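A quick write-up on the structure given underneath.
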Amino acid sequence: MRGIFSRFGGGDEGYGRSIFQASYRAYPVSFIDRPQLELGDKVILPPSALDRITRAQIDDFPMAFEATNAKEGKSTHCGVLEFVADEGVVYLPYWMMQNLLLGEGDVVKFSYAASLPKGTYVKLRAQTSDFLDISNPKAVLETTLRQYTCLTVGDTFVIHYNDKKYYIDVVEAKPGNAISVVDTDCEVDFAPPLDYVDPYGPDNTKFEDTNSGVINKGASQKKVEESGDATATTSGDATEDAGAPKTFLAFASGGRRLDGKAVTDVAPKEIEIPTSSLNVTKEWQGLRQGGGLGGGK
Numbered sequence: 001m002r003g004i005f006s007r008f009g010g011g012d013e014g015y016g017r018s019i020f021q022a023s024y025r026a027y028p029v030s031f032i033d034r035p036q037l038e039l040g041d042k043v044i045l046p047p048s049a050l051d052r053i054t055r056a057q058i059d060d061f062p063m064a065f066e067a068t069n070a071k072e073g074k075s076t077h078c079g080v081l082e083f084v085a086d087e088g089v090v091y092l093p094y095w096m097m098q099n100l101l102l103g104e105g106d107v108v109k110f111s112y113a114a115s116l117p118k119g120t121y122v123k124l125r126a127q128t129s130d131f132l133d134i135s136n137p138k139a140v141l142e143t144t145l146r147q148y149t150c151l152t153v154g155d156t157f158v159i160h161y162n163d164k165k166y167y168i169d170v171v172e173a174k175p176g177n178a179i180s181v182v183d184t185d186c187e188v189d190f191a192p193p194l195d196y197v198d199p200y201g202p203d204n205t206k207f208e209d210t211n212s213g214v215i216n217k218g219a220s221q222k223k224v225e226e227s228g229d230a231t232a233t234t235s236g237d238a239t240e241d242a243g244a245p246k247t248f249l250a251f252a253s254g255g256r257r258l259d260g261k262a263v264t265d266v267a268p269k270e271i272e273i274p275t276s277s278l279n280v281t282k283e284w285q286g287l288r289q290g291g292g293l294g295g296g297k
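So for the sequence shown, UniProt numbering puts the first residue at 1; every next one is plus one.
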């Protein structure tokens, strides 16, 4: 389908910048043999999109777009990797097509998403409890989010780890329902997995806020020793990025014990993340070993 491009000029607001909108036929990235794109939220747009974006004087980086399936009333946000698709076509990760309820060849509308706010908080929920078997889920999440431009509430994205796929729901985000996760410090909470059954009964629900941490996608903080679990990558091997070390501020927002008592000896500390390693609480470890949400009895 032919793209739609309209201009909205005048006034100081928006600096008279044009707005990009276009509609394309959607196909999965497997059609162009680019399976690595399933690891993130980047799409492949046609060259005409780049020309229109250039003429619209859009020079933000990274670019973010809202993708909408008007027929089903579904929308999400994504980044763009390249502009090499066939004209009238966009290639998307298959998990994104599933979120949008798109079939092969269905029409999807792309709009430039100006100034998505940098995320400060996100709550995630694994769909299956085997996610608890990962020794350092925050490190795996940090590594995964390096391939993402933004997150949208209501979406389900995929973590690939040790030849397995873990489906993760975006339950809540701040300061908006769609947030940028590029070069930002973002506090992360894990809700109980969708299929989780508390061994101590439904009334034992002291899980909330016990697994919060801060994901740091910047690299400007000081280097200190890491005191948490071993680092992890999506391949399961311990590797270290070249360049300046990445860190995160652990316990920046305090915490609560699972028994409801106040935490008195947890002070914020900066931790080096060679491969985006994040600390996992003892309560999380206990939960992984089969304990209840309120601890063992």
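For each residue, glycine too, the CB sits at the ideal point set by N, CA and C.
Please read these numbers as outputs of a predicted model, since none were measured by experiment.
Residue i vs residue j beta-carbon contact at 8 Å
i      : j      : result
Val84  : Ile44  : yes
Ala173 : Val153 : yes
Pro137 : Gly88  : no
Val188 : Val122 : yes
Leu81  : Lys118 : no
Tyr91  : Ile32  : yes
Lys109 : Thr156 : no
Which listed residue (the options) has its alpha carbon closest to that of residue i
i           : options                           : result
Cys150      : Glu72, Asp195, Gly40 and Arg52    : Gly40
Ala113      : Tyr166, Asp189, Val122 and His77  : His77
Ala70       : Lys42, Met63 and Asn99            : Asn99
Ser115      : Pro175, Thr54, Glu187 and Asp86   : Pro175
Arg34       : Gly103, Pro199, Pro93 and Asp51   : Pro93
Asp195      : Tyr166, Ala178, Asn177 and Leu141 : Tyr166
residue 298 : Glu72, Trp95 and His160           : This structure does not reach residue 298, given that the chain is present from 1 up to 297, and the question cannot be answered.
Ala178      : Asp163, Thr120 and Leu132         : Thr120
Glu72       : Lys164, Gly103 and Asp51          : Gly103
Sequence-distant residues of its chain with Cβ nearer than 6 Å to residue i (five each side left out)
i      : result
Ser111 : Gln21 and Glu66
Lys74  : Leu100 and Leu101
Gln147 : Leu39 and Gly40
Leu141 : none
Lys164 : none
Asp259 : Bear in mind that a pLDDT of 47 at Asp259, under 50, signals an unreliable position, so the number given afterwards is only what the model happens to contain. Contacts found: none.
Asp60  : none
Close-in-space but distant-in-sequence residues of the same chain around residue i (CB under 7 Å, 5 per side omitted)
i      : result
Met97  : Ala26 and Pro28
Pro62  : Gly79, Thr149 and Val182
Asp86  : Pro46
Phe131 : Pro137, Tyr166 and Pro193
Asp51  : none
Rounded Cβ spacing between residue i and residue j (contact assumed at less than 8 Å)
i      : j      : result
Pro193 : Thr128 : 6 Å
Ala191 : Val170 : With 8 Å as the limit, Ala191 and Val170 do not qualify as a contact, their Cβ atoms being about 11 Å apart.
Ile58  : Ala126 : The Cβ separation is near 36 Å, so there is no contact.
Ser180 : Ala49  : Between Ala49 and Ser180 the Cβ distance is about 20 Å, and since that is not below 8 Å, they are no contact.
Proximal residues to residue i (C-beta, below 8 Å), its chain only, five neighbours per side dropped
i      : result
Gln36  : none
Gly105 : Arg25, Ala26 and Tyr27
Leu124 : Leu141, Ile168, Asp169, Val170, Val171, Val188, Asp189, Phe190 and Ala191
**OP:** Any chance you could list the beta strand (DSSP E) runs of at least 3 consecutive residues sitting entirely within the segment 114-148, in chain order?
**Re:** Runs of the beta strand (DSSP E) inside the segment 114-148: 121-126.
**OP:** Please go through the segment 84-115 and give each complete alpha helix (DSSP H) segment of 4 or more residues, from N-terminal end onward.
**Re:** Complete alpha helix (DSSP H) runs here, min 4: 94-99.
**OP:** Could you tell me which uninterrupted alpha helix (DSSP H) segments, each at least 4 residues in length, are contained entirely in the segment 8-71, listed from first to last along the chain?
**Re:** Runs found: 47-55.
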